[in-house]
Structure formats: structure tokens, C-alpha cells
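Colleague: Anchor point for the sequence shown: position 57 equals 63 in the numbering used here, and the numbering is continuous, going up by one each time. Before I ask anything, let me first share the structure, which is written out below as C-alpha cells.
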Amino acid sequence: MKKTLVLGATPNPDRYAYLATEKLCAYGHEVVPVGIKKGMIGDLEIVNGRPLPEGIDTVTLYLGPERQREYYDYILSLKPKRIIFNPGTENDELAALAEANGIETVEACTLVMLSIGNY
């Protein structure tokens, strides 16, 4: 199982970040939902700010490129093995920084990856 930080988590059940958090949990992954809004996703409380959990395997992004810039240092400080750029979050600048730091980048949909078994 891959400990995953969902960046852009929201308590809105109509948003993909919410659905991805639920599905990651359903597939047995440990999830750290990080967002700017307070609330819950199932039994998980959305963490505000920039927590530094240990052992993050994957950061899955649900923030557009313009909002990612303020999180570059934070994301890199987590030292994840990979970053998933979900549709609409693709960002060549962050991808280059990640790759320069030995972090794999993937442009894909977390929900699809889970459903087809290649997460």
C-alpha cells in the first residue's frame, strides 16, 4: 500500500479530490488529505497548512498549476517517490523540479489508475 498525500482535498463530495480520497481508502492506502477548507472525507479530517507526515510514497495533485507554485518547496520536502498530475493539474515547471530531485512524475487520473489496477 502506498501512503498518499492528496493535495487540494475538499469536503465537497462532488469534487474529484474527495472521490479520490475515498477510493484510495477503499483500496487500503493510507491517505493524508491536505486542503484549505476544514472538514471531513469519510473518517479522515482534512489537514490545513503544510503537515510533514513521514513515509509519503505519492502526492496526488488536485490544484491547478497557478495554485501549485506556493507548494513547490512543501511538495519537494515530503520526498515522495512520485507525483501524480491529475487532469487539469499538469505543470512542466513542477515536473522538472520533481525530476531534478529524483521524483517520478505521472500525468494520469488517480481514480482511473486505481480502477484499472496500476496505482
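Using N, Cα and C, we set each Cβ at its ideal position, and we do this for glycine too.
(1) Touch check for the segment 79-87 and the segment 54-65: three-plus C-beta pairs under 8 Å?
(2) Residue 16 by DSSP, collapsed to three states: which one?
(3) First and last residue of the beta strand (DSSP E) that includes residue 37?
(4) Would you report the Cα separation of residue 121 and residue 27, rounded to the nearest angstrom?
(5) Quick check on the burial criterion: 16 or more other C-beta atoms within 10 angstroms. Buried or exposed for residue 108?
(6) Counting along the chain, where does the alpha helix (DSSP H) carrying residue 118 start and finish?
(7) If you count every other CB in all the chains shown that lies within 10 Å of the CB of residue 40, and 16 or more means buried, which is it?
(8) Residues in the same chain with beta-carbon distance under 8 Å from residue 21, minus the five sequence neighbours each way, listed in chain order, please.
(9) Starting from the C-beta of residue 38, find all residues in its chain whose C-beta is less than 6 Å away, skip the five residues before and the five after it, and write them out in chain order.
(10) Who pairs with residue 69 in a beta bridge, going by DSSP?
(11) Could you check where the alpha helix (DSSP H) with residue 90 kicks off and where it finishes?
Modeller: Concretely, from the data shown:
(1) yes
(2) coil
(3) 37-40
(4) 13 Å
(5) exposed
(6) 116-122
(7) buried
(8) 68
(9) 11, 59
(10) BP columns for residue 69 are empty, so no partner.
(11) That residue, residue 90, is in no alpha helix (DSSP H); its beta strand (DSSP E) goes 88-91.
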